Every structure is written in C-alpha cells, then in structure tokens.
C-alpha cells in the first residue's frame, strides 16, 4: 500500500478514492485533464512581477516585498513549498525591515493554478503569520477555490513522487 505523505490528514474515504486512482494508473491522466496547461512564469523577475500584481490586487496596504524568487532549496518532502521571511535590522537609529518570498523551483513545472495557490499562501503570511482561521479566510478571499487547489496540489505532488 502506498503511503500518501502529502494527504495524511484527509478523511479515509477520500484517501480510498485517491488510492483507487493510483492503483488503476489514472491519477496522472485525471490531473492532466483537470490542469492541462503550464504557466509561463519561469524567471525570478517574472515571478516578482506575478507576485507583485497579486499583492497589489489583494493586499495593497501590506509591507513591500524586497525579494521574490524561485529557490531550489525548498523541498516538499521537507515540508516547504515556499517561505515568507521577515527580516528586521537596526541601522543607526532606524529599524529597517524587509519581506522576502521564496517559492520552490518545482513550481516552474506546475499548472498556473498551483503557482497561484502557493503565491496566495505566502502572501497571506504578510498579514497572518500562523496557519489559523483568519489566515485561511484570507487565502479564500484571494481565491475562492483555495482549499480545492491545495488538495489538488497535494495530489500532484503525490503523483510526481510516484513517478507515474
């Protein structure tokens, strides 16, 4: 039986459906039917512009972003698909702060919906640091289908790990 690393906290009935797709070899085709396109955001500059557009649309009053980039050190098995870091430094009598968002390099290969989902997730951390109710409400405000996209991304990661 396949260990579903990315889906551990979902109900058994849902996991049974996923296992059935895996056992019949249909998970990849199901994902490709649902998400047939790949996005065009391939460079750090394009990613910065993409994130800035979403930030401007939904989080105008949140802190500015100093850096946005793809990061090859982010790895889903280690639990990181993206990070949002806040760095504050004292320079003289002033407090300088900057926000950085790093997205796992594997998101260069994903459908545009998955890139949007992870960017929304990281942008939500600008306002809410913890994964609490307010955090997920903000994510759903930015994309009403956020929870479905998160689940489908977990399916995509499972399929990718299985190498089907």
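In full-length UniProt numbering, the protein residues as written are 1 to 164. Even for Gly, the Cβ is constructed at its ideal location relative to N, Cα and C. All values derive from a computational prediction rather than experimental measurement.
Which same chain residues, not among the five before or five after residue 207, have their C-beta less than 7 Å away from its C-beta?
Nothing about residue 207 can be reported from this structure: the residues present for the chain run from 1 to 164 only.
Does the pairing of the segment 58–72 with the segment 26–33 give three or more beta-carbon distances under 8 Å?
no
Between which residues of its own chain and residue 108 is the CB-CB distance below 7 Å, once the five residues before and five after are set aside?
Locating residue 108 in the chain shown gives position 108, counting from the first residue. So the qualifying residues of the chain are 42, 70.
If you run the structure through DSSP and keep just helix, strand and coil, what is residue 46?
Position 46 of the chain shown holds residue 46. Here residue 46 sits in helix by DSSP.
Residue range of the alpha helix (DSSP H) that residue 100 falls in?
Against the chain shown, residue 100 aligns to sequence position 100. Run containing residue 100: none in the alpha helix (DSSP H); it sits in the beta strand (DSSP E), 94–104.
Where residue 115 and residue 158 are concerned, what is the direct C-alpha to C-alpha distance, given to the nearest angstrom?
Translated into positions along the chain shown, residue 115 becomes position 115. Translated into positions along the chain shown, residue 158 becomes position 158. Using only the alpha carbons, I get a separation of about 17 Å.
Residue 33 burial status per 10 Å Cβ neighbour count (16 or more: buried):
Here residue 33 refers to the residue found at position 33 when the chain shown is read from its first residue. So residue 33 counts as exposed.
The beta strand (DSSP E) enclosing residue 162, as first and last residue numbers
Taking the first residue of the chain shown as 1, we reach residue 162 at position 162. Run containing residue 162: none in the beta strand (DSSP E); it sits in the alpha helix (DSSP H), 146–162.
Per DSSP, what kind of secondary structure is residue 66 in: helix, strand or coil?
Counted from its first residue, the chain shown places residue 66 at position 66. Residue 66 falls in the strand class under three-state DSSP.
When you compare each of 150, 112, 160 to residue 9 by their alpha carbons, which one comes out closest?
The residue you call residue 9 lines up with position 9 of the chain shown. Looking at the Cα atoms, 150 is the closest of the given residues.
Which residues does DSSP pair with residue 91 in a beta bridge?
In the chain shown, the residue the question calls residue 91 occupies position 91. The partner list for residue 91 (beta bridge, DSSP) reads 94.
Could you have a look at residue 130 and say whether DSSP puts it in helix, strand or coil?
By 1-based counting over the chain shown, the position of residue 130 is 130. If DSSP states are grouped into helix, strand and coil, residue 130 belongs with coil.
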